[in-house]
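Note that the protein sequences, when read in sequence, are chains A and B.
For the first sequence, the numbering used here assigns the number 21 to the initial residue and increments by one for each residue that follows.
For the second sequence, the numbering used here assigns the number 18 to the initial residue and increments by one for each residue that follows.
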Amino acid sequence: VIDEYLRELYRELRGVGRRRRRLLAEVREHLLEAGGDEDAIRRFGPAKLIARRFRDELGDERARTAVFASVALAAAVGAASLLNPRLNEAPASIAWTLLAQVIFVTAGLTAARLLLGVRERALLVRGSGTAATAALTLLALESASWIALAVVLPVGVLAVLAVARAARLAGASHPHDLGDDLAALQRLAPQSIALLSGLLGRLRLDPRAHLWRFAVGVAVCAGLAAGVGHGVTDGGLPTLSQLPLAVAGTLIIASMEAVAALAGYVLLGGFLGLRPAYQSRVRR
Amino acid sequence: MAEREALKGHLDLLILAALDERPAHGYALVEALRGASGGVFTLPEGTIYPALHRLERSGLLTSRWSDESGRRRRIYELTARGRRELGRRRGEWRRFAGAVEAVVWGAA
């Protein structure tokens, strides 16, 4: 009877890794000590329940490790990028700009969710995986120096392993959207977030009510900030006669950045839980 | 059923407190919890193992195999950090239980 139960528990514990063998040995001893009969198994609890508790506890820990590893990788790739003399060449520059944005948003969002206590494990793993993939792609495209590679690659291997191990226990994601992140923020800083929510509400940009309007607003603001930033860093503050040209240049860069931000939102928004995924909307 | 839910919420504290008495393996721990609570605390016995493994990974417990009395058992015991954590959680529990008592029975 015990062997049959242990076989079931072994099957249910897939993805747990090397701890599985030790746990099974402990369970076997426990059941023998408790009498080794049907009653001992009944008191021990269903294999599915025990396995689910174990996977839950282990999965939380692995998701946390995956987030830390991917943020470390993103930081290492960022530092290595600064050492790369080929960064200003056109194709490398475009790839750097796009991938750096993906890395910044996904790693930042995922780390923030972990710190805010948004315990949606599947989303933490997806965010970590996306940040790690983007960071490794950037590293490969840049073909940075050997020294940078030697520093970053081990971190990259660790991040990939951490994300893969966490993904095996991640489970399905529940419907989630930006509103859940705002609710977590609200618990942390009730007054300032209530102020922000009120302001967004008055501007009719509250993501819980007007998700797409909010996304477009964020994309345009990010684009304008990037455009102004480029203008200032490239040629300093413009004189009065240069102003029309500077404004035109800023608007071109801003619109490109806004389109890129919106495209990222369309492609990755559902996957990263920034908007409800298509399936969950259909189910509703 | 109400006792089972309460036990689930405070399982970590109960495990740490039971292991403060003496190091024990999983089965002995379940028996100790049942005995010390006068049979009130019963939960699926197997659910104690995920909690034990988690507490060990957090550095609050340490474990080793033992072959005493002819049986191979995994013995768990508190680490120094586990002892400090137990002290902290006992203090929290005392404040919480005192507050509940005061509300339920009144200030009299």
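C-beta atoms are modelled at their ideal positions from N, C-alpha and C, and glycine is treated no differently.
Sheet register partners of residue i (DSSP bridge)
{"i": "Leu78 (chain B)", "result": "B:Leu95"}
{"i": "Ala41 (chain B)", "result": "B:Tyr93"}
{"i": "Ser83 (chain B)", "result": "B:Arg90"}
Any C-beta of chain B under 8 Å from that of residue i
{"i": "Leu43 (chain A)", "result": "yes"}
{"i": "Glu58 (chain A)", "result": "no"}
{"i": "Ala266 (chain A)", "result": "no"}
{"i": "Ala83 (chain A)", "result": "no"}
{"i": "Val47 (chain A)", "result": "yes"}
{"i": "Ala120 (chain A)", "result": "no"}
{"i": "Ala214 (chain A)", "result": "no"}
{"i": "Glu28 (chain A)", "result": "no"}
{"i": "Leu135 (chain A)", "result": "no"}
{"i": "Phe74 (chain A)", "result": "yes"}
{"i": "Arg38 (chain A)", "result": "no"}
{"i": "Gly65 (chain A)", "result": "yes"}
{"i": "Ala54 (chain A)", "result": "yes"}
{"i": "Ile273 (chain A)", "result": "no"}
{"i": "Ile70 (chain A)", "result": "yes"}
{"i": "Glu32 (chain A)", "result": "no"}
{"i": "Glu24 (chain A)", "result": "no"}
{"i": "Glu277 (chain A)", "result": "no"}
{"i": "His230 (chain A)", "result": "no"}
{"i": "Glu140 (chain A)", "result": "no"}
{"i": "Tyr298 (chain A)", "result": "Bear in mind that a pLDDT of 49 at Tyr298 (chain A), under 50, signals an unreliable position, so the number given afterwards is only what the model happens to contain. So, not an interface residue."}
{"i": "Arg303 (chain A)", "result": "Note that Arg303 (chain A) scores a pLDDT of 45, beneath 50, so its modelled location is shaky and nothing firm can be said."}
{"i": "His50 (chain A)", "result": "yes"}
Beta-carbon proximity check, residue i vs residue j, cutoff 8 Å
{"i": "Ala179 (chain A)", "j": "Arg141 (chain A)", "result": "no"}
{"i": "His85 (chain A)", "j": "Ala151 (chain A)", "result": "The sequence given here has Thr at residue 85 (chain A), not His. No. Outside cutoff."}
{"i": "Gly63 (chain B)", "j": "Gly221 (chain A)", "result": "no"}
{"i": "Tyr30 (chain A)", "j": "Leu51 (chain A)", "result": "no"}
{"i": "Val91 (chain A)", "j": "Ala131 (chain A)", "result": "yes"}
{"i": "Arg91 (chain B)", "j": "His27 (chain B)", "result": "no"}
{"i": "Ala246 (chain A)", "j": "Val175 (chain A)", "result": "no"}
{"i": "Leu158 (chain A)", "j": "Ile123 (chain A)", "result": "yes"}
{"i": "Arg88 (chain B)", "j": "Glu46 (chain A)", "result": "no"}
{"i": "Ile213 (chain A)", "j": "Leu231 (chain A)", "result": "no"}
{"i": "Arg146 (chain A)", "j": "His70 (chain B)", "result": "no"}
{"i": "Gly67 (chain A)", "j": "Tyr25 (chain A)", "result": "The sequence shown places Ala at residue 67 (chain A), not Gly. The answer is yes: Cβ separation under 8 Å."}
{"i": "Glu32 (chain A)", "j": "Ala83 (chain A)", "result": "no"}
{"i": "Ala242 (chain A)", "j": "Glu277 (chain A)", "result": "yes"}
{"i": "Val87 (chain A)", "j": "Glu58 (chain A)", "result": "no"}
{"i": "Ala168 (chain A)", "j": "Leu215 (chain A)", "result": "no"}
{"i": "Arg233 (chain A)", "j": "Leu244 (chain A)", "result": "no"}
{"i": "Ala182 (chain A)", "j": "Val138 (chain A)", "result": "no"}
{"i": "Leu60 (chain B)", "j": "Ile32 (chain B)", "result": "no"}
{"i": "Ala266 (chain A)", "j": "Gly251 (chain A)", "result": "yes"}
{"i": "Phe74 (chain A)", "j": "Pro67 (chain B)", "result": "yes"}
{"i": "Ala280 (chain A)", "j": "Val238 (chain A)", "result": "no"}
{"i": "Leu30 (chain B)", "j": "Arg100 (chain B)", "result": "no"}
{"i": "Leu136 (chain A)", "j": "Leu208 (chain A)", "result": "yes"}
{"i": "Val248 (chain A)", "j": "Thr270 (chain A)", "result": "yes"}
Of the listed residues the options, nearest to residue i (C-alpha basis)
{"i": "Glu94 (chain B)", "options": "B:Glu109, B:Gly76, B:Ser86, B:Arg51", "result": "B:Gly76"}
{"i": "Pro296 (chain A)", "options": "A:Ala127, A:Val122, A:Leu143, A:Ala99", "result": "A:Leu143"}
{"i": "Ala34 (chain B)", "options": "B:Glu102, B:Val120, B:Val121, B:Ala116", "result": "B:Glu102"}
{"i": "Gly98 (chain A)", "options": "A:Gly79, A:Leu173, A:Glu81, A:Gly56", "result": "A:Leu173"}
{"i": "Phe291 (chain A)", "options": "A:Thr126, A:Ser101, A:Leu102, A:Val36", "result": "A:Thr126"}
{"i": "Ser34 (chain A)", "options": "A:Arg207, A:Leu78, A:Arg62", "result": "What sits at residue 34 (chain A) in the sequence shown is Arg, not Ser. Answer by Cα proximity: A:Leu78."}
{"i": "Arg228 (chain A)", "options": "A:Leu294, A:Leu135, A:Gly149, A:Val171", "result": "A:Leu294"}
{"i": "Glu81 (chain A)", "options": "A:Ala60, A:Gly56, A:Val36", "result": "A:Val36"}
{"i": "Leu36 (chain B)", "options": "B:Gly104, B:Ser86, B:Ala116", "result": "B:Gly104"}
Min CB distance residue i to chain A below 8 Å
{"i": "Pro40 (chain B)", "result": "no"}
{"i": "Gly63 (chain B)", "result": "yes"}
{"i": "Met18 (chain B)", "result": "Confidence in Met18 (chain B) is poor, its pLDDT being 49 and thus under 50, which makes the residue's placement unreliable; the coordinate value appears in the next sentence. Judged by the 8 Å Cβ criterion, Met18 (chain B) is not in contact with chain A."}
{"i": "Gly43 (chain B)", "result": "yes"}
{"i": "Tyr66 (chain B)", "result": "yes"}
{"i": "His27 (chain B)", "result": "no"}
{"i": "Arg98 (chain B)", "result": "no"}
{"i": "Arg71 (chain B)", "result": "yes"}
{"i": "Arg74 (chain B)", "result": "yes"}
Closer than 8 Å to chain C by CB, residue i
{"i": "Arg90 (chain B)", "result": "Of the chains in the structure shown, none is chain C; the protein chains are A and B."}
**Item:** Whole runs of the alpha helix (DSSP H) within the stretch 42–130 of chain A, excluding any shorter than 4 residues
**Value:** 58–64, 67–102
**Request:** Run through the stretch 172–248 of chain A for me and flag every whole alpha helix (DSSP H) of 4 or more residues, listed as ranges in chain order.
**Result:** 198–208, 210–222
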